[in-house]
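Note sheet for the following structure.
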Amino acid sequence: MSVQPENLYEAEIICETVGTTGIITLNRVKALNALSLTMFRALDKTLRAWQHDDRITQIVIQSASDRAFCAGGDVKAVAIEADKMRRGKDPGETVRTLFREEYRLNALIRNFHKPYIALIGGIVMGGGIGISLHGSHRVVTDTTRAAMPEVKIGFFPDIGFGAFYADMPGLTGLYMAMTGEIVSGRDMAALGLATHFVPQSDWAAVESSLSSGGEVDAVLAPYAVKTREKFALQDKIDRYFSGKTVEEILAALEKDTAEDGSGDEWCAKTLKSLRSHCPFSVKTAFRHYHAARGADFAAIMKTDYWLSQNITLREDFYEGVRAVLIDKDMAPRWKPPRLEDVTEAELDEVFAPCKNGEEDLIL
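When the sequence shown is numbered by my numbering, its final residue is 369 and no position is left out of the sequence of numbers.
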């Protein structure tokens, strides 16, 4: 039995059942499965139906492409709509609706009462992490490459990623949030973001075995292999990212970075990375991390919603997307241009209840 798409766009999400397994295949391959509002709605509709269908015992979500599981949300479309809203040419309902429905989908997956198995091969970023890592089983492989790169486009690490911070070792969550750096599948296992690592040579066998039903952990056990227990960069991250402010982190990195190249190569690379990203976003990510570590999931998602609505009103968001995805000149003009120029008062504004009057996200 299959859940048939109601229109052409829903073909980007292929939903079918094999035995007692509901299988979702992301099929917007040319766009690396970038998630549109239509796709969020198709996922939500299918998952809610399967959650109450006694014939379905587990969900598998996968990609039709080996290159990417999901490269995130369709931020180009969001940025264009947000820019219209910022300039008073659009009431902003599209932006509000998209984030509201995306975050509700994240919550649905996190609270799903049946096994939800994400087979994460290839690239997974941003919104793709939101529809995979909140599930009960997160299976990665040799080709997996994950990141939360929002600081590079004037946004912030959203989709409830803050819910993982408390369980990630040391300050690794802060590092991912502030730098947007890519981690491998093995890294994800060491960071606690993945529950199982399966070698690429066994990937097809896992896909086949899961569709045949059976207890999920028992099915995965023969294929899963142990990976290193500690993230390779953790000691460096814990040392250099322990500052109480972003400026203290920068100072620690600068101290061990020599202009003649004789200093610590990782410090120099990390410092350059932080300096190149949107200053406002880097400071937002820092504050968001420390707030989220002690918060419950509902509070994290509420803050994410406020931030999503407020930060998209800033010029930086459109400018970042323009530079990376529209004009692709990779030369964003950030406002302000330096981390040191971002004030706490400006940060207070984006962490406040939504400026558009819709203060709460009802999950």
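We treat Cβ as the ideally placed atom computed from N, Cα and C, and that holds for glycine. Values in this document were obtained by computation on a predicted structure and should not be read as measured data.
Scanning the stretch 150-206 from its first residue to its last, the whole beta strand (DSSP E) runs of 3-plus residues come out as 151-153. Exposure of Gly94 is indicated by the presence of fewer than 16 other C-beta atoms within 10 angstroms of its C-beta. Shown here for Arg299: same chain residues with a beta carbon closer than 7 Å to its own, the five before and five after excluded, namely Tyr171, Ala172 in chain order.
Sequence-distant partners of Arg344 (beyond 5 residues in either direction) whose C-beta falls short of 8 Å from its own C-beta, in its chain, are Pro285.
Ile306 and His296 have their C-alpha atoms spaced approximately 11 Å apart. When C-alpha distances from Arg106 are compared across Ile29, Trp312, Trp340, Thr185, the shortest belongs to Trp312. With contacts defined as CB atoms closer than 8 Å, Thr178 and Phe237 qualify as a contacting pair. DSSP places Ile135 in the uninterrupted alpha helix (DSSP H) bounded by 133-136.
In the three-state DSSP reduction, His294 falls in the helix class (H, G or I). Here the alpha carbon of Arg339 sits roughly 8 Å from the alpha carbon of Asp322. Rounded to whole angstroms, Ala169 and Lys334 show a C-alpha spacing of 32 Å.
Under the criterion of beta carbons closer than 8 Å, Ile135 and Ala152 qualify as touching, at roughly 7 Å.
Boundaries of the alpha helix (DSSP H) harbouring Arg92: 81-92, taken from the DSSP string.
Approximately 35 Å separates the beta-carbon atoms of Gly98 and Thr150; this is outside 8 Å, ruling out the contact. With a contact defined as Cβ atoms closer than 8 Å, Thr23 and Ile29 qualify at about 7 Å. Between Gly166 and Asp310 a beta carbon distance of about 6 Å is seen, short of the 8 Å cut, so the two are scored as contacting. Looking from the CA of Ser215, the closest CA among Leu125, Arg320, Asp354 belongs to Leu125. Contact annotation, Asn39 with Ile20: C-beta distance approximately 11 Å; criterion of less than 8 Å not satisfied. Between Gly160 and Ser287, the C-beta spacing is below 8 Å. In this structure, the alpha-carbon of Leu319 lies about 12 Å from that of Asp96. Within the stretch 279-351, the complete alpha helix (DSSP H) runs of at least 4 residues fall at 285-298, 303-317, 321-327. For the 8 Å CB-CB criterion, Ile123 and Gln64 form a contact.
For the stretch 34-89, the full-length alpha helix (DSSP H) segments reaching 4 residues or more read 43-57 along the chain. Taking C-alpha positions only, Ala55 is separated from Leu49 by approximately 10 Å.
If you draw a straight line from the Cα of Ala264 to the Cα of Asp270, it is about 8 Å long. In this model, Ala77 and Gly133 are separated by some 7 Å (Cα to Cα).
In terms of CA proximity to Thr100, Leu43 leads the group Ser282, Val327, Leu199, Leu43. Taking Glu260 as the centre and dropping the five residues before and after it, the same chain places the C-beta of Leu277 closer than 7 Å to its C-beta, in chain order. In the DSSP secondary-structure assignment, Tyr229 is not bridged to any residue. In the DSSP assignment, Ile123 falls within the unbroken beta strand (DSSP E) covering 122-126. 8 Å or more divides the Cβ of Met194 from the Cβ of Ala291.
Its chain contains Gly128 as the residues whose beta carbon lies nearer than 6 Å to that of Arg73, once the 5 sequence neighbours on both sides are disregarded; these appear in chain order. Between Ala227 and Val204, the CB-CB gap reaches or exceeds 8 Å. Around the CB of Met182, 16 or more other CB atoms lie within 10 Å, so the residue is classed as buried.
With contacts defined by Cβ atoms closer than 8 Å, Val130 and His202 do not form a contacting pair. For Arg144, the enclosing beta strand (DSSP E) has its first and last residue at 143-146.
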